[in-house]
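Visitor:
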Amino acid sequence: MNLESKWLEDFSALAATRSFSQAAERRFVTQPAFSRRIRSLEAALGLTLVNRSRTPVELTAAGQLFLVTARTVVEQLGEVLRHLHHLEGGQGEVMQVAAAHSLALGFFPRWIAQLRNEGLNIATRLVATNVGDAVHALREGGCDLMLAFYDPDAALQMDPEIFPSLHLGHTEMLPVCAADAEGKPLFDLEGEASVPLLAYSAGAFLGRSVNMLLRQRALRFTTIYETAMADSLKSMALEGLGIAWVPQLSVRAELARGELVVCGGPQWHVPLEIRLYRCALVRKANVRLLWRKLEGGAAQGTTGS
Numbered sequence: 001m002n003l004e005s006k007w008l009e010d011f012s013a014l015a016a017t018r019s020f021s022q023a024a025e026r027r028f029v030t031q032p033a034f035s036r037r038i039r040s041l042e043a044a045l046g047l048t049l050v051n052r053s054r055t056p057v058e059l060t061a062a063g064q065l066f067l068v069t070a071r072t073v074v075e076q077l078g079e080v081l082r083h084l085h086h087l088e089g090g091q092g093e094v095m096q097v098a099a100a101h102s103l104a105l106g107f108f109p110r111w112i113a114q115l116r117n118e119g120l121n122i123a124t125r126l127v128a129t130n131v132g133d134a135v136h137a138l139r140e141g142g143c144d145l146m147l148a149f150y151d152p153d154a155a156l157q158m159d160p161e162i163f164p165s166l167h168l169g170h171t172e173m174l175p176v177c178a179a180d181a182e183g184k185p186l187f188d189l190e191g192e193a194s195v196p197l198l199a200y201s202a203g204a205f206l207g208r209s210v211n212m213l214l215r216q217r218a219l220r221f222t223t224i225y226e227t228a229m230a231d232s233l234k235s236m237a238l239e240g241l242g243i244a245w246v247p248q249l250s251v252r253a254e255l256a257r258g259e260l261v262v263c264g265g266p267q268w269h270v271p272l273e274i275r276l277y278r279c280a281l282v283r284k285a286n287v288r289l290l291w292r293k294l295e296g297g298a299a300q301g302t303t304g305s
């Protein structure tokens, strides 16, 4: 197999732009020449990487998997050249981590601090995003690691051989609301009246878990607000507008200050598992180092308190 490194850069540009003309412009070649280089790459691999019948163009399943390798090779080659030319400035690779918003705020800082305390001085770049975009980034090599709550439905769509994961800890979603003058919950989950619900948008994993609980408990409620972000629900709860189910790690400070109170017993809590995902096709040295450390038990454990 005879592959040219410029073909890998071409393919990465095409994946980023989804357009042959834009990618050709980015690579400073004519569109016909660019198209020939992509076909040469496909011929060398014996694979069809691009579905040209769609606009914008789409990668085939093989193309999506090969993209991870292409980006990794280009990145590693760049790292070597920067090192040889003394352009690293003494810094190593930077790990890009895509994380669900609530984990980016409530878990990631403590986790990284713990890793550094254990001697693992890895430079990181955090991108807080929704879970769907995080999964897409992991699949296409847009991030090195993904930090997310474990979702059995989503896990079924990710091959564990290609996208292995590690358990980092667990927390739970708590029903919280503002307190009255005596420090008691404004709303009662066990009462007869319908309660005002601050809900997750349709399709959100946290929302699916809450909705399952509400059906099981046959709670009477009226939805007054919806969003995909747990921290937005927390803000609405702080205003006294209703009950929200929020990960405990997102409301530690508010509960400690008495600004929010838990308004339901353990039967109203929803367990959550925190997992870290990577792509097995990526060969970054610091990712492999971190993974070995975590498999050995570093920076893992209960996070609910």
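Here full-length UniProt numbering is used: the first residue of the sequence shown is 1, the next is one more, and so on. Using N, Cα and C, we set each Cβ at its ideal position, and we do this for glycine too. Predicted model, so just to flag it, every value in this text is computed and none were measured.
I112 by DSSP, collapsed to three states: which one?
Guide: helix
Visitor: Just the Cα atoms here: how many angstroms apart are residue 309 and L115?
Guide: The shown model of the chain, from 1 to 305, leaves out residue 309, and the question about it has no answer.
Visitor: Helix, strand or coil for L276 per DSSP?
Guide: strand
Visitor: Distance, Cα to Cα, L77 vs L14?
Guide: 19 Å
Visitor: For M236, report the span of its alpha helix (DSSP H) as first-last.
Guide: 230-238
Visitor: Taking 9 Å as the threshold (beta carbon to beta carbon), is T227 in contact with chain B?
Guide: The question asks about chain B, but that chain is absent: this structure has only one protein chain.
Visitor: Run through DSSP, which three-state label would A99 get?
Guide: Assignment of A99 by DSSP, reduced to helix, strand and coil, places it in the strand class.
Visitor: Taking the C-alpha atoms as reference points, what is the distance between L233 and L198?
Guide: If I take the Cα positions, the gap works out to 6 Å.
Visitor: Start and end of the alpha helix (DSSP H) containing Q17?
Guide: Correcting the residue type first, residue 17 is Thr in the shown sequence and not Gln. Note, T17: alpha helix (DSSP H), 5-17.
Visitor: For E259, which three-state DSSP category applies?
Guide: In this structure, E259 counts as coil in the three-state DSSP scheme.
Visitor: Determine which residues share a DSSP beta bridge with V195 and list them.
Guide: F221
Visitor: Give the straight-line distance between the Cα atoms of S165 and G142, rounded to the nearest whole angstrom.
Guide: 17 Å
Visitor: Under 7 Å Cβ to Cβ from M229, same chain only, skipping five residues before and after it: list those, please.
Guide: H101
Visitor: Assign T223 to buried or exposed, taking buried as 16 or more other Cβ atoms, counted over all protein chains shown, within 10 Å of its Cβ.
Guide: exposed
Visitor: Per DSSP, what kind of secondary structure is E172 in: helix, strand or coil?
Guide: strand
Visitor: For L186, which of helix, strand or coil comes out of DSSP?
Guide: coil
Visitor: By Cβ distance, which residues of its chain are closer than 7 Å to G264, with the 5 residues on each side in sequence left out?
Guide: So the list reads P175, L189, once near-sequence residues are dropped.
Visitor: Express the C-alpha separation of S12 and L219 in angstroms, rounding to a whole number.
Guide: 50 Å
Visitor: Since I believe A148 is in contact with L103 (beta carbons under 8 Å), could you give me their beta-carbon distance rounded to a whole number of angstroms?
Guide: 7 Å
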